[in-house]
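Counting from 4, one number per residue, gives the positions in the sequence shown under this note's numbering. Quick reminder that beta carbons are idealized off the backbone N, C-alpha and C, glycines included.
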Amino acid sequence: MEQTEELYWYWINNIEGIGYQGIKKLLSTGKTPKQIFDSKEKELERVLTKNQIKAISQSKDIEKIVKGYKGLKKRGIQFLSIDHSDYPERLRRIDSPPFALYVRGKLPEKGRKTIAIIGSRQSSVYGQEMAKYFGRELSKSGISVISGMARGIDSIAQQSAIQQEGGSYGVLGCGVDICYPKESFSLYHDLIMKGGIVSEYPPGTIPKAGLFPRRNRIISGMSDGILVIEAKEKSGTLITVDWALEQGKDIYAVPGRAFDTLSEGCNRLIQMGAKLVMSIEDFQEEFPSVSMNLSKNYENNQKTLAKNQRVVYSCLSLEPKYIDSIIKETKLSVQEVLSTLFELEVSGLITQVISNYYIVSK
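1. Please list the terminal residues of the continuous alpha helix (DSSP H) segment that includes V231.
2. Please classify K135 as buried or exposed, where buried requires at least 16 neighbouring CB atoms within 10 angstroms.
3. Identify, in the order they occur along the chain, each residue of the same chain with its Cβ nearer than 7 Å to the Cβ of N359, setting aside the five sequence neighbours on each side.
4. Mapping DSSP to helix, strand and coil, what is R107?
5. Inspect the CB distances between the region 341–361 and the region 117–134 and report whether three or more fall short of 8 Å.
6. Per DSSP, what kind of secondary structure is L83 in: helix, strand or coil?
7. Using C-beta distances below 6 Å, list every residue in its chain close to E112, excluding the 5 sequence neighbours before and after it, in chain order.
8. Once the 5 residues before and after Y3 are set aside, which same chain residues still bring their CB inside 7 Å of it?
9. For L175 and P206, what's the separation of their Cα atoms in angstroms?
10. Please report how far the alpha carbon of S350 lies from the alpha carbon of L344, in whole angstroms.
11. Using only CA atoms, which one of I181, D193 and V106 lies nearest to Q166?
12. By the 10 Å Cβ neighbour count, where 16 or more other Cβ atoms means buried, how is I65 classified, buried or exposed?
13. Residues in its own chain within less than 6 Å of E132 by CB, not counting five upstream and five downstream?
14. Please state whether the Cβ-Cβ distance between I242 and A277 is less than 7 Å.
15. Can you tell which of G138, G108, I59 and G71 has the C-alpha that lies nearest to the C-alpha of V293?
16. Specify, as a first and last residue, the run of the beta strand (DSSP E) that T354 falls within.
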């Protein structure tokens, strides 16, 4: 096998005992990974400890390196160094970019808009419905949904998005060959087949608490904006928001009830200047494809509806509307409205987001 620079990037990212900061120190010398491989121990003394230098010396088994590198392809894993042409340009521009990525499936298309959807693992029914709604509608508008495949809001939004045009991509705090959490295997499989799984950690890296905060900078780094749906005031979700703010990304938040602990974080973000979003329409200014998709879907649906269905559907939008308001606006009887809402909901044209509150769903 030809010994390309990518091979040496693979080597330097897989030396036990070096880690991110060690690689950063090595690269600060101005040498390429190949030049570092060829360096004498004495040349590395000013940037590394004796144990780190020893680890590098013990890792210089070119046959083992080639075998490991070639083995990735056999397992359906792509290795992309920060110098590779397919490495996401968004990530190159952040502080502390990953020196390499491991990918199963694919990365978002270059030039495609992306949104990270994040939130609480212990989500309410309201939060779950909002995650389904925004995941689906953003992806239908051609916007890729990025998240961490975590329980709750993250995985619900991704499952809703994966079937649509924009697709979804998961960033893991472990190796891409490990499904975490285990109960998300169906989503993990769907992301590999229809989107992608990404990690900066080598395959085989088991999930540990200390790995997840750093992976959050990749979630925000790969995204054009961050949407928060339910988060406690002191929440791991807000670590991603902190990274996003440092990276200059737009923050969006779904509001919740004033004394709901699951909404304290979102409400606080809105107080601090995050954009309040209640429907997909609130993304139209920053993401023009949303406006185009809304107009197209609304026109198509109007053409196929019966009279009462058209009347009820016309008074709904992407802002939840209470049933009493629908009855008042349509001037139909209670029974007519109830039966029509049922027909529209069964058809998938509207969604009851919480009890007796309805929105247009497509």
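According to the data block:
1. Here residue 231 is taken as the residue at index 228 of the sequence shown, counted from 1. Per DSSP, V231 belongs to no alpha helix (DSSP H); it is in the beta strand (DSSP E), G228 to I232.
2. Within the sequence shown, the letter at position 132 stands for residue 135. Counting Cβ neighbours within 10 Å, K135 comes out buried, since at least 16 surround it.
3. As a first step, residue 359 is located in the sequence shown; it is residue number 356 there, counting from the start. So the list reads Y325 and I326, once near-sequence residues are dropped.
4. As a first step, residue 107 must be located in the sequence shown, where it is residue number 104. It is a strand residue.
5. yes
6. As a working mapping, residue 83 is identified with position 80 in the sequence shown. Strand.
7. Start at 1 with the first residue of the sequence shown, and residue 112 comes out as number 109. No residues qualify anywhere along the chain.
8. Since the first residue shown for the chain is 4 and the last is 365, residue 3 is missing from the structure and cannot be characterised.
9. On the sequence shown, position 172 is the one that residue 175 refers to. On the sequence shown, position 203 is the one that residue 206 refers to. So the alpha carbons of these two residues sit roughly 11 Å apart.
10. Residue 350 sits at position 347 when you count from the first residue of the sequence shown. Residue 344 sits at position 341 when you count from the first residue of the sequence shown. Each residue's alpha carbon lies about 10 Å from the other.
11. In the sequence shown, counting from the first residue as 1, residue 166 sits at position 163. Of the listed residues, the one whose Cα sits closest to Q166 is D193.
12. For the purposes of this step, residue 65 is taken as the residue at position 62 of the sequence shown. I65 is exposed by the Cβ-count criterion.
13. As a working note, residue 132 is residue 129 in the sequence shown. Only V356 meet the Cβ criterion.
14. Along the sequence shown, read from residue 1 onward, the residue named residue 242 stands at position 239. Along the sequence shown, read from residue 1 onward, the residue named residue 277 stands at position 274. No, these two residues do not count as a Cβ contact at 7 Å.
15. Within the sequence shown, residue 293 is the residue found at index 290, counting from 1. Closest option to V293, judged by alpha-carbon separation, among G138, G108, I59 and G71: G138.
16. Taking the first residue of the sequence shown as 1, we reach residue 354 at position 351. From DSSP, the beta strand (DSSP E) with T354 extends over I353 to I357.
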